[in-house]
Amino acid sequence: MSKYFDYTASAPIKQHVLDDYIINTRKCYANPASSHLFGRESHELIEQARQKIAATLDCQESEIIFTSGGTESINTALKGSAYHLSENAPRRLITTLGEHEATRQTALFLERYCGFETKWIGLEKTGELKLDDWQAAVEETEYSLASFIYVSNETGAINDLRSIVEITRNANPRTLIHSDVVQLIGKLPFSFRKSDLDFASIAGHKIGAPKSCGLLLVKDKKLFEPLIHGGGQQNGRRSGTEDAPLFYALAQAVELSNDKIAASYERVADLRERFLDLLKQFKIPHQVLSPDDGLALVLSVSFPGLRGETLQNALSAREIAISTGSACHTEQVGKNKVLEAMGYDKETIANSVRFSFNVIHTSKDIDLLAQTIGLIYQEYARP
Amino acid sequence: MSDSNQTKLLLARIGEIALKGLNRGSFVRQLIRNIRYRINELGAFEIHEHSSRIWVRALSEDIDMNEVIDRVTDVFGIVSVSPVQELPLDYADLQAACLAYVSDILAENNKSYTFKLETRRVNKKFPLRSYDISAGLGEMLLEAFPERLTVDVHNPDLLVQVEIRESIYLYHRTISGLSGLPTGMSGKGILLLSGGIDSPVAGYMMASRGMQLDAVYFHTFPYTGPNALKKVEDLTRIIARYAGTIKFHLVDFTEAQLALVDACPENMLTVVMRRLMLLVSEKLARRQKAECLISGESLGQVASQTMEAIVATDAVTTMPVFRPLIGIDKNETIEIARRIGTYETSILPYEDCCTVFVSKHPKTHPSLLDVAIAEEKLDLETLANSVLDKIDTYPIKAYTN
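Same order as they appear, the protein sequences are chains A and B. No gaps in the numbering here: position 179 of the first sequence is 179 in this note's numbering, and each next residue is one more. No gaps in the numbering here: position 12 of the second sequence is 395 in this note's numbering, and each next residue is one more.
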């Protein structure tokens, strides 16, 4: 029985990962940079971690940088590339209105402090970036950097990575392309090699690793200026003593979440269908904001007459966890940049919530969720 | 500075209350009770009044006197506090102590100081006169620290003060208190807390005039969440720093709120809701033996705070509603909120009264007739009584260790 429907925000550590993490933390405490026996043991653990990740995500071991999480990876890819641009390269970034705050704020930083101009590409009603607009933009202007979210953390909308990369490369082969693939990893198969991306950012805690770990995949040792300078660890690309047990835990989580990935996805898609069927069956008025063909694990729904926060509070009192699409305090009512970019009005956004389903949920969990929402809607909604 | 931890005695000066004639005794007793309440948990103290001052003596060894000073200066009725060294009535002892005292101050940094020595001789049995003591000690200090000290009698960096009473008291630091009247001397009121910037300041202001506070919060779960409640509790905890333990009344207001939403025209919802809140608060106040209500309204600030809206709201109760911020500008309120430490909590982004229930186009000048029409389908009295059964009361203290 799981009443936790907020996996998009964070997931529990996988039991097996946690067990090994504890053992390794006790055992491999030495600095992996030390050349004595103990240090070599830690170093060996990191080597194993790299092998697992390379095998699962289809990348070179040398393309892997361990970071403190998705946010650091995104910051490193964008700022690091910007710092490293040659003098005559255009200081222009193209990105979208559907990004996670980590990307949005980094883009704003580059505007403010590095003389960058940002082109913000809008979203379709279904949440994907407007591909035609993207194409027109990259064909018209030269961009040094491009960054887009692969799967939206708000709606699950999946961007057409292959087309975006192809269009961008055709327009300008020198553009460095980064994608925030945080929400996709562990849910759908991912090959870094086939993606043809220059950078991909990944967070550990969304896939059952501990918090404060993530990955930045960097194609062909592309050069960038590191964010963190120091002892030159990870080939000078991310200094700071390496946490061998943590890196290993992340690798295990990457590997485990890739196991039976297609079957798991199928199962979650069924659960989502079931949930939507129940909402109809119980005659609970609602509007699905997520696209039909988005990632099945993320579902954004708006309930007319019921503030997202009210539903969240009432569910929370019944020990059920979901997330709101926007906060309920005066200035922030109806504010959600991604949903706004999709063209939804304030009211719809204020009444929106996000469910995240996971393979560990059972149909009973889904039934309970839908029933409880029905009761709450009846009692508290004022359409 | 380090000296406050060397001395275990505080001299607290009292202002206004010294003037209160026949009530003086009870005022001072209340003030001592309030001081004792704030510092009790920090260790053992002896607190007494002598010659129009309150003396706080730490009896245990490991007491953090800086914390004691912080807490005593936050007690309404205290004008200022000085940590003092107590010495026997002996000039040789005074000389030695004064030398060590100033030496300690100078050891804190390498700066040079201008200084002045001031003596008050209340105890006329002491053989030396004030002037002789000041001159003698001043000379001694100049000789001892010729590189570091020079005299400036008008605007000294360091003012060393000596008071000759039943003992000799030596000090150089005076920390301002909040003044006002000791809490508990001016009856009891119930503060309507919303979680915004104004109501905590209103409570603070009434407490500064000696009023004991209860607080009432109307919680509309699930429209307002646990964060909103925690915020209001945190605000209450901050006010309790000044006003003493506050009895907190948590009202489950959801059902009544929904009844209003269903029966009342949208543009009158806010006024009617406030009327119901006042009515419930009044009934609660009578139960709790409080004599007034306190709210944070400021004239014309928002639609529900126009003259007409306030008149329409107040008509529901016969109890006085104190609004200490009524003529105060928002910026001034914010300044007080910052000073007393509630501002940062007040601006946390949790709903203070869920936006679902805020009228989109409220009537800004409602008449009593408008009110009567709006409440046609409502029985406010019965509704208020039913709310009264859904109140959870618990004390909120400023300090918990």
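Ideal Cβ placement from N, Cα and C applies to all residues, glycine included. Keep in mind the model is a prediction, meaning the values are calculated, not measured.
* Would you please state the rounded distance, in angstroms, between the beta carbons of A/Ser81 and A/Phe224? I believe it to be under 8 Å. => Residue 81 of chain A sits at position 81 when you count from the first residue of the first sequence. Residue 224 of chain A sits at position 224 when you count from the first residue of the first sequence. Right, the Cβ-Cβ distance comes to about 5 Å (below 8 Å), so this counts as a contact.
* **For B/Thr390 and B/Gln468, believed in contact at Cβ under 8 Å, the rounded distance** => The residue labelled residue 468 of chain B in the question sits at position 85 within the second sequence. The residue labelled residue 390 of chain B in the question sits at position 7 within the second sequence. The Cβ separation is near 5 Å, so the contact holds.
* **Reduced DSSP category for B/Leu524 - H, G, I as helix; E, B as strand; rest coil** => Taking the second sequence and counting its residues from 1, one reaches residue 524 of chain B at position 141. Correct three-state label for B/Leu524: helix.
* To do: Show which residues of chain A have a CB atom less than 7 Å away from the CB atom of B/Gly811.
  => Here chain B has residues from 384 to 784 only, and residue 811 of chain B is not among them.
* Excluding the 5 residues preceding and the 5 following A/Glu128 in the sequence, name in chain order all residues of the same chain whose CB lies nearer than 6 Å to its CB. => Residue mapping note: residue 128 of chain A aligns to position 128 of the first sequence, counting from 1. If we look at A/Glu128 and ignore the five residues flanking it on each side, its Cβ neighbours are Ala157 and Asn159.
* Pair within 8 Å by beta-carbon distance, B/Ile573 and B/Val545 -> Taking the first residue of the second sequence as position 1, residue 573 of chain B is located at position 190. Taking the first residue of the second sequence as position 1, residue 545 of chain B is located at position 162. No, the pair does not count as a contact, with Cβ atoms beyond the cut-off.
* To do: Evaluate A/Asn351 with the Cβ neighbour count: other Cβ atoms within 10 Å of its Cβ, from every protein chain shown; 16 or more gives buried, anything less gives exposed.
  => As a position in the first sequence, residue 351 of chain A is number 351, starting the count at 1. It is buried - the Cβ of A/Asn351 has at least 16 other Cβ atoms within 10 Å.
* To do: Just mark B/Met656 as buried or exposed, buried being the case when its beta carbon has 16 or more other beta carbons within 10 Å.
  => As a working note, residue 656 of chain B is residue 273 in the second sequence. Buried, by the Cβ-count rule.
* To do: Compare the C-beta of B/Pro466 against all C-beta atoms of chain A and say whether one is closer than 8 Å.
  => Reading the second sequence from its first residue, position 83 is the one you call residue 466 of chain B. B/Pro466 does not count as touching chain A.
* Asked: chain A partners of B/Val644, CB-CB under 7 Å?
  -> For the purposes of this step, residue 644 of chain B is taken as the residue at position 261 of the second sequence. Those are Arg382, listed as they occur along chain A.
* **Alpha-carbon spacing of A/Arg382 relative to A/Asp345, whole angstroms** => Locating residue 382 of chain A in the first sequence gives position 382, where the first residue counts as 1. Locating residue 345 of chain A in the first sequence gives position 345, where the first residue counts as 1. Rounded to whole angstroms, A/Arg382 to A/Asp345 spans 18 Å at the Cα level.
* Asked: A/Ala33 touches chain B at which residues, Cβ-Cβ below 9 Å?
  -> Looking up residue 33 of chain A in the first sequence gives position 33. Under the 9 Å cutoff, chain B gives no residues; its nearest Cβ is about 43 Å from A/Ala33.
* Which of the residues in the region 287-303 of chain A, read from start to end, lie with their CB under 8 Å from any CB of chain B? -> none
* Asked: How far does the alpha helix (DSSP H) with A/Arg104 in it reach, from first residue to last?
  -> Numbered from 1 along the first sequence, position 104 holds the residue referred to as residue 104 of chain A. Element bounds for A/Arg104: Glu101 to Cys114.
* contact_flag[the region 682-692 of chain B, the region 768-775 of chain B] where n(CB pairs < 8 Å) is 3 or more -> no
* To do: Please state if the CB of A/Val338 and the CB of A/His98 are separated by a distance shorter than 8 Å.
  => Counted from its first residue, the first sequence places residue 98 of chain A at position 98. Counted from its first residue, the first sequence places residue 338 of chain A at position 338. Note on residue identity: the sequence assigns Gly, not His, to residue 98 of chain A. Yes, they are a contact pair.
* Asked: Is the beta carbon of A/Leu78 sitting closer than 8 Å to the one on A/Thr106?
  -> As a working note, residue 78 of chain A is residue 78 in the first sequence. As a working note, residue 106 of chain A is residue 106 in the first sequence. A contact, by the Cβ cut-off of 8 Å.
* Reduced DSSP secondary structure (H/G/I, E/B, other) of A/Pro43 -> Along the first sequence, one-based indexing puts residue 43 of chain A at 43. In the sequence as displayed, the identity of residue 43 of chain A is His instead of Pro. Three-state DSSP puts A/His43 in a helix.
* Unbroken stretches of the beta strand (DSSP E), 3 residues or longer, contained in the region 581-637 of chain B -> 595-602 and 629-635
* **CB contact check: A/Ala203 to chain B, cutoff 8 Å** => Position 203 of the first sequence, counted from the start, is the residue given in the question as residue 203 of chain A. By this cut-off, A/Ala203 is not an interface position.
* Asked: With a cut-off of 8 Å, does the C-beta of B/Phe705 fall near any C-beta of chain A?
  -> Stepping through the second sequence from its first residue, residue 705 of chain B is reached at position 322. False, the Cβ-Cβ gap to chain A never drops below 8 Å.
* Hey, out of A/Pro245, A/Gly343 and A/Gln60, whose CA is closest to A/Ser290's CA? -> Along the first sequence, one-based indexing puts residue 290 of chain A at 290. The option with the nearest alpha carbon to A/Ser290 is A/Gly343.
* Might you give, ordered along the chain, the residues of its own chain that have their beta carbon closer than 7 Å to the beta carbon of A/Thr67, omitting 5 neighbours on each side? => By one-based count along the first sequence, residue 67 of chain A stands at place 67. Hits under 7 Å: Ser73, Thr76, Gly214, Leu215, Leu216 and Arg238.
* Please check the pair A/Gln234 and A/Ala33, which I expect to be a contact at CB under 8 Å, by giving their CB distance rounded to whole angstroms. => Translated into positions along the first sequence, residue 234 of chain A becomes position 234. Translated into positions along the first sequence, residue 33 of chain A becomes position 33. Going by Cβ atoms, the distance from A/Gln234 to A/Ala33 rounds to 10 Å, so no, they are not a contact pair.
* Could you work out which residues of chain D lie near B/Pro605, taking near to mean beta carbons separated by less than 7 Å? => Absent from the structure: chain D. Protein chains present are A and B.
* DSSP state of B/Asp772, grouped into three classes? -> As a working mapping, residue 772 of chain B is identified with position 389 in the second sequence. Looking at B/Asp772 - three-state DSSP - the assignment turns out to be coil, as it is neither helix nor strand.
* To do: Take every Cβ of the region 297-308 of chain A, pair it with every Cβ of the region 589-596 of chain B, and state whether three or more of those distances are shorter than 8 Å.
  => no
* A/Phe402 versus A/Arg318 - alpha carbon distance -> Missing from the structure shown is residue 402 of chain A; chain A here goes from 1 to 383 and no further.
* Asked: According to DSSP, which residues form a beta bridge with A/Leu375?
  -> Within the first sequence, residue 375 of chain A is the residue found at index 375, counting from 1. Beta-bridge pairing links A/Leu375 to no other residue.
* To do: Express the C-alpha separation of B/Phe459 and B/Ile558 in angstroms, rounding to a whole number.
  => Within the second sequence, residue 558 of chain B is the residue found at index 175, counting from 1. Within the second sequence, residue 459 of chain B is the residue found at index 76, counting from 1. Straight-line Cα distance between these residues: approximately 14 Å.
* Between the beta-carbon of A/Phe199 and the beta-carbon of A/Ala49, is there less than 8 Å? -> Indexing the first sequence from 1 puts residue 199 of chain A at position 199. Indexing the first sequence from 1 puts residue 49 of chain A at position 49. No; because the gap between Cβ atoms is not below 8 Å, this pair is not in contact.
* So which of B/Thr607, B/Asp476 and B/Ser495 has the shortest CA-CA distance to B/Leu553? -> Residue numbering aside, residue 553 of chain B sits at position 170 when the second sequence is read from its first letter. Measuring from the Cα of B/Leu553, the nearest candidate turns out to be B/Asp476.
* Asked: So, helix, strand or coil for B/Cys737, using DSSP?
  -> Here residue 737 of chain B refers to the residue found at position 354 of the second sequence. For B/Cys737, the pLDDT reaches just 48, beneath the cut-off of 50, and the residue's location in the model is therefore unreliable, leaving the point undetermined.
* Asked: Who are the near neighbours of B/Tyr496 in its chain, counting only those whose CB is closer than 7 Å to its CB and skipping five residues on each side?
  -> As a working note, residue 496 of chain B is residue 113 in the second sequence. Contacts found: Arg531, Leu532, Asp540 and Leu541.
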